[in-house]
Every structure is written in C-alpha cells, then in structure tokens.
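Each remark here refers to the structure printed beneath this line.
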Amino acid sequence: MSAKPSLEKRPEPGPGPGSGPGPDGPPLLELRDLHVGYGAIEALKGVDLEVRRGEVVALLGANGAGKSTTLKTVSGMLAPRSGEVLLHGERIDGITSHQLVRFGLGHVPEGRRVFGRMTVLENLHMGAYRLRRPDPADLERVFALFPRLHERRRQVAGTLSGGEQQMLAIGRALMGKPELLLLDEPSMGLAPLIVQQIFGILREINEQGTTLLLVEQNATQALQLADRGYVLETGELVMSGPAGELLSDPRIRAAYLGEHVEAEAEAEAEAGRG
Ligand SMILES: Nc1ncnc2c1ncn2[C@@H]1O[C@H](COP(=O)(O)OP(=O)(O)O)[C@@H](O)[C@H]1O
Ligand SMILES: [Mg+2]
C-alpha cells in the first residue's frame, strides 16, 4: 500500500505574528471543569482554562499542584474522570496521544526524555514519525532555531548536555508540526544562562506562529514570556490573568518568586479591613 499524503487532514500551521489571536471564534484549546485522578488521588478538581491562537499561556504552581497532569490530559496520555478538553472547539478527550499528533498537538514532557542511544538526527526524525515522512523544511526550521543541534546532529543524544537535550526535546516536538506546543518545565535543572537561551527560543517559536502552553516553576521567566497565566494549587485554579498583572501580584511574588512580602501583603490586607 502506498502512502497517500493527500489523506492527511491537518490544520494549517498557526497564524503569523501579524494575524493575531483573534477575539472571535472558539479558543484553540479549552478545558472545561476538568477532573482527573489517580486512584484515590484527585489531582485536578474542576479546572477551566483556555488558550487562544497565537498566545503564550503560563501554567504555574508548586510541585504536586497538577501541572503535569493537566498537560498529560490535554495530550491524551490521561483520560479525565469528567469534564471536557476541546481543541478548535471540538472534543478531544478520549482521543489517544498518537492520534492527537495529527491534530496539531505537540508535547515536550517533563524531564525531556530524548532517545539516549539514538543520534540527534534520529531523534528529530522520530518526532515526525507520525506524519508519515519528515518535512525537510521542519528540519531546517529546527536547525535554524538550534544551531547547536545541527553541529551535533550525528552525536548520540545521551551524550548531550542537559540544555542540549532540552533543545532536542523541543526540536523533536516541532518536527510534528504542532499548532499548539505543550511544554512541561523546560527550564528544570538548567543553568540560568541556558534557561535564558531556551526562553528566547520559545519566544521565537511563538513569533513563528506556534501557540504555547507553558508549565513552569520558574514563574518570573514564564510570566515574562507569557501573555496570560494561571496558578494551580492542589488541583484547583486559584488565580488567572494577564501575565504582567500576575508578575506584580504580591501573592505570586511571595509564593513563586522567592520574595518575602507575605508580611507586607498581610499588613495591606489588615489596613484594607480596618
Ligand atoms: N502516576 C501517579 N500516580 C499517583 N499519583 C500521581 C501520579 N502522578 C501524579 N500524581 C499525584 O497527582 C498530583 C499532581 O501531580 P502532578 O500533575 O505531577 O503535579 P505537578 O506537575 O504540578 O508537580 C500530586 O499529588 C501527585 O502526587
Ligand atoms: Mg510536573
């Protein structure tokens, strides 16, 4: 049987920076009253969230808040107990992760997980596996974003540095032509300079038209890149808003930016009550 690329029903790549997210029409991604659990553990207790086309949305929260669970549910690795996941206004909960690649969804998982014994190039080809064949233009795009990966394309991935492996994990996801890219703590365990570099590249990827849902514990970096943000606390959203507002919110600053302003915020609240 011959492959028929014409059968591929894929959305066009995201809009360019000029076309903007557009206020009308359904969000690119929408979570409605999402409940997800592991056995007796209720990891998400009714999460409502949306991501519009062209946006960068940050999902923040402490360890164990449910951030990875959210991304895994969106990418079909976990099935919700109740609630809905909609992509382009259509239900995708219940669709498996390998089918979802065809819907324009890419997931860069926590802890990067590249194929350690394969070369950089082989890893990138794996990212395009489900598209029948890799698109040379995608490979060029990845190498333009990450010249380091081009230099090391014949190197075995397990011997790359942590930052390079993260770049490879992102590059591999881009090979699937995602319209929406889910990123699970891309800065984890990396030196500040490398983190800066990665965030700069994420900005570039967004400017090229890919929408980003970014999970981070590094709230400052994430909110500086993001248009909007949400804060998860033990499975529930406790705050959301424009990234700039969250960045200057004393509660966020106290909880996630390592600032000891709790006493000040309390004093302010006291003053407000009195
Ligand atoms: N495979 C699993 N089995 C049981 N509990 C899990 C599993 N994965 C995550 N959890 C629990 O679900 C909650 C949310 O976890 P997770 O989504 O990984 O949080 P985060 O990514 O924000 O650190 C935590 O209480 C965690 O212990
Ligand atoms: Mg996590």
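Mapped onto the working numbering, the consecutive letters of the sequence shown carry residue numbers -16 to 257. Glycine is no exception: its CB is placed at the ideal position from the N, C-alpha and C atoms.
Nearest-angstrom Cα separation, counted from residue j out to residue i
| i | j | result |
| --- | --- | --- |
| E219 | H133 | 41 Å |
| N106 | F98 | 6 Å |
| F182 | A111 | 23 Å |
| I24 | R15 | 20 Å |
| H81 | R131 | 28 Å |
| L43 | P92 | 16 Å |
| L27 | V57 | 12 Å |
| G89 | A45 | 23 Å |
| M222 | P233 | 12 Å |
| P119 | T102 | 17 Å |
| Q180 | F126 | 15 Å |
| G77 | R95 | 25 Å |
| P268 | D31 | There is no way to answer for residue 268, as the model of the chain reaches only from -16 to 257. |
| A62 | L165 | 17 Å |
| L230 | R116 | 42 Å |
| A152 | L143 | 12 Å |
| T79 | R85 | 11 Å |
| D167 | Q204 | 14 Å |
| M109 | E228 | 40 Å |
Pick from the options that is closest to residue i, judged by C-alpha positions
| i | options | result |
| --- | --- | --- |
| Q200 | P9, G49 and E25 | G49 |
| M60 | L163, T102 and T52 | T52 |
| G29 | P225, T217 and G8 | T217 |
| M158 | Q207, R124, A202 and A237 | R124 |
| E190 | T102, S170 and G37 | G37 |
| P9 | R186, H71, A45 and V103 | H71 |
| D121 | V68, L83, I188 and L69 | I188 |
| V198 | G192, F129 and M171 | M171 |
CB contact flag (residue i, residue j, <8 Å)
| i | j | result |
| --- | --- | --- |
| G20 | R74 | no |
| H18 | G87 | no |
| L215 | V34 | no |
| L54 | L163 | no |
| G212 | L173 | no |
| Q138 | P169 | no |
| R100 | G141 | yes |
| A237 | A209 | no |
| L185 | A41 | no |
| A202 | I177 | no |
| E13 | L83 | no |
| K160 | L114 | yes |
Helix, strand or coil at residue i [DSSP, three-state]
| i | result |
| --- | --- |
| P175 | helix |
| M222 | strand |
| L69 | strand |
| D31 | strand |
| R15 | strand |
| A120 | helix |
| I75 | coil |
| E38 | coil |
| T217 | coil |
| A202 | helix |
| V57 | helix |
| E162 | coil |
| L132 | helix |
| E25 | strand |
| R137 | coil |
| L197 | strand |
| L104 | helix |
| R115 | coil |
| R211 | strand |
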